[in-house]
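Notes follow once the structure below has been shown.
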Amino acid sequence: MITIRARAAEDNAQLADIWLRSVRATHHFLTEDNIAQLFPLVLNDYLPAVNVWVAEER
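For the sequence shown, position 35 (counting from the first letter as 1) is numbered 35 according to UniProt numbering, and the numbering increases by one without interruption.
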């Protein structure tokens, strides 16, 4: 069964990892230095500032 729920603070690390893998796979114009600069912003600033819904299989 899949449950959809609002993101909790505990989800941020996993969501940031999904972001990281997605960016590396699709944003070939970004260097690793660019990605390394963006990652802490995504984790610490952007994710906590937006409404994100998580689908999880239980």
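Where a beta carbon is used, it is the ideal one built from N, C-alpha and C, also for glycine.
Is it the case that the CB of residue 14 approaches a heavy atom of the ligand GTP more closely than 7 Å? The ligand GTP is not part of this structure, which contains no ligands at all.
- Task: Following the continuous beta strand (DSSP E) through residue 55, name the residue where it begins and the one where it ends.
- Result: In the sequence shown, counting from the first residue as 1, residue 55 sits at position 55. 53 to 57 is the span of the beta strand (DSSP E), which, as asked, contains residue 55.
Residues of its chain near residue 57, where Cβ-Cβ distance is below 6 Å and the 5 sequence neighbours each way are ignored: Here residue 57 is taken as the residue at index 57 of the sequence shown, counted from 1. Excluding residues within five positions, the ones whose Cβ falls inside 6 Å are 2.
Next on the checklist: Given this structure, state the Cα-to-Cα distance separating residue 11 from residue 20, to the nearest angstrom.
Outcome noted: Taking the first residue of the sequence shown as 1, we reach residue 11 at position 11. Taking the first residue of the sequence shown as 1, we reach residue 20 at position 20. Each residue's Cα considered, the two are about 14 Å apart.
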